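Line order of the protein sequences matches chains A and B. Take the first sequence: its letters are residues 2 to 258, numbered as in the working numbering. Take the second sequence: its letters are residues -12 to 274, numbered as in the working numbering. Note that CB positions come from ideal geometry on N, CA and C, so glycine has one too. The structure presented is a predicted model; accordingly, all values stated were derived computationally and were not measured. First up is the structure itself, then whatever we jot down about it.
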Amino acid sequence: MLVLDSVSKSFGGLHVLQDVNLSVEPGSIYGLIGPNGAGKTTVFNLITGLLQPSGGSITFEGASLLDLPPHQITQRGIARTFQNIRIFKEMTLIENVIVGRHRHFTYGAWSLLTRSGAFRQQEAQARERALELLAWMKLEHKANDLADNLSYGEQRKLELARALATEPKVLLLDEPVAGMNTSEKVDLMTEIENIRQRGYTIFMIEHDMRFVMGLCDRIAVLNFGRIIAEGEPADIRSNPMVIEAYLGKDDDEEVTA
Amino acid sequence: MEWFESFWAIHSNLILTLGTNALLALSIYLTLSCGLLALANGAFMGIGAYAASLLTLNYDMPFSLALLVGMAAPMLVAFVIGKPTLRLSGVYLAMATLGFGEVVRVILLNTESVTGGALGLNGIPQYTQWWHVALAVIIALYVLYRVKHSRIGRSFEAIKADETAASLMGVDIERTKMTAFVLGAMLAGLAGALNAHLTFFIGPSEYGFDRGVEILTMAVLGGTGSLAGPVVGSVILTLLPEVLRSFADFRLVVNGLILVVIVLFLPQGIWDPGLFRRWFGRSGKRV
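Next up, the structure:
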């Protein structure tokens, strides 16, 4: 579905990613793990068009994503959340989610000015869908609050609802549980599993090993810009290279990101 | 009705200036609500004023057509200069648009055969009626209100909050910014065209740096969180010099002082719904 073929990225002389090959299958939860600074977020930035790769190809459902601006990549069905939460703080929850519905509005300038039937119908539909998505995240009772007033965990959930509002086929989650406490993590794990059950494909970056091992169907391990292992959670757990690169020495630093 | 007639005779010019200033404040509100600090609105006002006046003055065109051209000309210019400059952000965009404003002023100054140079255009027919201005303000407010509560207005707000996140929500950043910029230019041009046909005379110095700053001040003073803000700001800044008439020479000082106080203590502007709610104790829901 989403395929990265020998993708590389360098900033000047710094090779952030080298020869990265990944393939995310429809309906699966794919995990990308690796120590801090391994280049994981760069992978997401390349997929979503915020950065262009220095080499290799990225294809989604058979079509290349290279040289497309971010909003067009979103329109093709890829949505993401951010490691450092990027919600629209001065807007209400429901407005945040409706922004995600942007591409589903087709009304033109004229029906906007006249509040035509199409305008009202699409706006009403968007509100309805936004409320539904907020309900998935159990935030519907706060729909008209300002996003700024939410707790950290709730802001992450709002970001997830907003990303879902674009009606993506693939959802990219950049460290969804970073900075969360244990109960919030368990909570979110359930939500993500629920989202998958609804038919979405998920590609996530995560530091929390228990979280990744528990959720993902396949995992790739990135270290110094290279994929050093790829496979099912059980294989990854026992892979000596992975243990050396990541699990063995990084255990105490799990919370850093 | 006699008192009204004498009142109108004395103050009509001021009241109509209120209207055109409101349009100007709304014109910069558009770009500000998109998070763009573009200071070209004085220049767009000038382009609109000159374009419309040249038509009525030299070609006896009907006023309606002149107004249309007065809106279309700055829109076109905004589109052309928006392409390269809207990629800039923050202070760099402000610099680029200020520079553009100076270019416009210098061009108006030096194309004497067309614009009359420093002497400006004289004897512009006084077509502008009070209801023209009133209608323009009402239509502008209606359109902006509708835009604000639509996908476009939400895109503006999203871009202002976080451009990257907005683009990943499927918002076409470049196009949305251009929409705000071009619509702002249109409003400024309309204000310029109406104003020119009110004042009989226009000259290049009216549309320079000072004007640009004045327009920005009106919007910032009133607050850009809502449509009411810029209108309130323009009313205050238009009436202030009249109220402070007795201070004569200190007028500008008082003017500046008030601004400093506002920016320090009411950073969201005078018209701040959030502040009103805090004062009047309603809960944190948004209107």
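Chain B contact for residue i (CB, 7 Å cutoff)
{"i": "L113 (chain A)", "result": "yes"}
{"i": "G101 (chain A)", "result": "yes"}
{"i": "R81 (chain A)", "result": "yes"}
{"i": "M92 (chain A)", "result": "yes"}
{"i": "F89 (chain A)", "result": "yes"}
{"i": "Q53 (chain A)", "result": "no"}
{"i": "H208 (chain A)", "result": "no"}
{"i": "P177 (chain A)", "result": "no"}
{"i": "H72 (chain A)", "result": "yes"}
{"i": "E121 (chain A)", "result": "First, the residue type needs correcting, since residue 121 (chain A) is Arg and not Glu in the sequence shown. Closer than 7 Å: no."}
{"i": "Q156 (chain A)", "result": "no"}
Endpoints, beta strand (DSSP E) assigned at residue i
{"i": "R227 (chain A)", "result": "R227 to G232"}
{"i": "M138 (chain A)", "result": "Note, M138 (chain A): premise wrong, no beta strand (DSSP E); not H, not E."}
{"i": "I220 (chain A)", "result": "R219 to N224"}
{"i": "G109 (chain A)", "result": "That residue, G109 (chain A), is in no beta strand (DSSP E); it is neither H nor E in DSSP."}
{"i": "H16 (chain A)", "result": "L15 to V25"}
{"i": "A153 (chain B)", "result": "A153 (chain B) -> not in any beta strand (DSSP E); alpha helix (DSSP H) instead, spanning E150 to L155."}
{"i": "S11 (chain A)", "result": "L3 to F12"}
{"i": "Q175 (chain A)", "result": "For the sequence presented, residue 175 (chain A) should be read as Asp rather than Gln. Its beta strand (DSSP E) spans residues V171 to D175."}
{"i": "R81 (chain A)", "result": "I79 to R81"}
Extent of the continuous alpha helix (DSSP H) to which residue i belongs
{"i": "G35 (chain B)", "result": "N28 to Y46"}
{"i": "A164 (chain A)", "result": "Y153 to A166"}
{"i": "L52 (chain A)", "result": "First-last for L52 (chain A): undefined, no H or E at that position."}
{"i": "S29 (chain A)", "result": "Here S29 (chain A) belongs to no alpha helix (DSSP H), and DSSP marks it neither H nor E."}
{"i": "V213 (chain A)", "result": "M210 to L216"}
{"i": "R264 (chain B)", "result": "P260 to F267"}
{"i": "R162 (chain B)", "result": "I160 to T186"}
Buried versus exposed, by CB contacts within 10 Å (16 or more), residue i
{"i": "P71 (chain B)", "result": "exposed"}
{"i": "P254 (chain B)", "result": "exposed"}
{"i": "N85 (chain A)", "result": "exposed"}
{"i": "K10 (chain A)", "result": "buried"}
{"i": "G278 (chain B)", "result": "Here chain B has residues from -12 to 274 only, and residue 278 (chain B) is not among them."}
{"i": "K139 (chain A)", "result": "exposed"}
{"i": "Q156 (chain A)", "result": "buried"}
{"i": "I125 (chain B)", "result": "exposed"}
{"i": "V67 (chain B)", "result": "exposed"}
{"i": "R92 (chain B)", "result": "buried"}
{"i": "D236 (chain A)", "result": "exposed"}
{"i": "M(-12) (chain B)", "result": "exposed"}
{"i": "D209 (chain A)", "result": "buried"}
{"i": "R162 (chain B)", "result": "exposed"}
{"i": "Q123 (chain A)", "result": "buried"}
Residues near residue i by beta carbon distance below 6 Å, same chain, minus five either side
{"i": "V50 (chain B)", "result": "Per the sequence shown, residue 50 (chain B) should be read as Phe rather than Val. Contacts found: Y114."}
{"i": "L52 (chain A)", "result": "N46"}
{"i": "L174 (chain A)", "result": "T82 and M205"}
Below-7 Å beta-carbon distance, residue i vs any chain A residue
{"i": "A152 (chain B)", "result": "yes"}
{"i": "D159 (chain B)", "result": "yes"}
{"i": "M205 (chain B)", "result": "no"}
{"i": "A148 (chain B)", "result": "yes"}
{"i": "A170 (chain B)", "result": "First, the amino acid is wrong: residue 170 (chain B) is Leu here, not Ala. Taking Cβ atoms only, chain A never reaches closer than 7 Å to L170 (chain B), which makes this a no."}
{"i": "A215 (chain B)", "result": "no"}
{"i": "S137 (chain B)", "result": "yes"}
{"i": "R74 (chain B)", "result": "no"}
{"i": "E201 (chain B)", "result": "no"}
{"i": "R264 (chain B)", "result": "no"}
{"i": "A65 (chain B)", "result": "no"}
{"i": "R238 (chain B)", "result": "no"}
Beta-carbon proximity list for residue i, same chain, < 7 Å, skipping 5 on both sides
{"i": "F120 (chain A)", "result": "Y108, S112 and L113"}
{"i": "N97 (chain A)", "result": "I88, F89, A148, L159 and R163"}
{"i": "A65 (chain B)", "result": "F31, F168, V169 and A172"}
{"i": "N28 (chain B)", "result": "L11, S14, I15, G171, A175, G199 and I202"}
{"i": "D20 (chain A)", "result": "S7, S9 and R227"}
{"i": "M214 (chain A)", "result": "P234 and R238"}
{"i": "E141 (chain A)", "result": "L132 and L135"}
{"i": "R197 (chain A)", "result": "I30 and I203"}
Proximity test, residue i beta-carbon vs the ligand COA heavy atom, cut-off 6 Å
{"i": "V25 (chain A)", "result": "As far as ligands go, the structure on display features none, and thus does not contain the ligand COA."}
Beta-carbon contacts of residue i that lie in its chain and below 8 Å, excluding the five residues immediately before and after
{"i": "V250 (chain B)", "result": "V207"}
{"i": "I284 (chain B)", "result": "In this structure chain B extends from -12 to 274, so residue 284 (chain B) is not present and cannot be described."}
{"i": "I111 (chain B)", "result": "S40, T43, L44, A183, H184, T186, F187, F188 and I189"}
{"i": "G261 (chain B)", "result": "G212 and Q255"}
**Request:** Could you name each continuous alpha helix (DSSP H) segment of 4 residues or more that falls completely within the segment 60 to 135 of chain B, going from the start of the chain to the end?
**Result:** 77 to 97, 99 to 102 and 117 to 135
**Inside the segment 195 to 233 of chain B only - alpha helix (DSSP H) runs reaching at least 4 residues** = 196 to 209 and 215 to 230
**Request:** List in chain order: all unbroken alpha helix (DSSP H) runs of 4+ residues lying wholly within the segment 176 to 211 of chain A.
**Result:** 183 to 198
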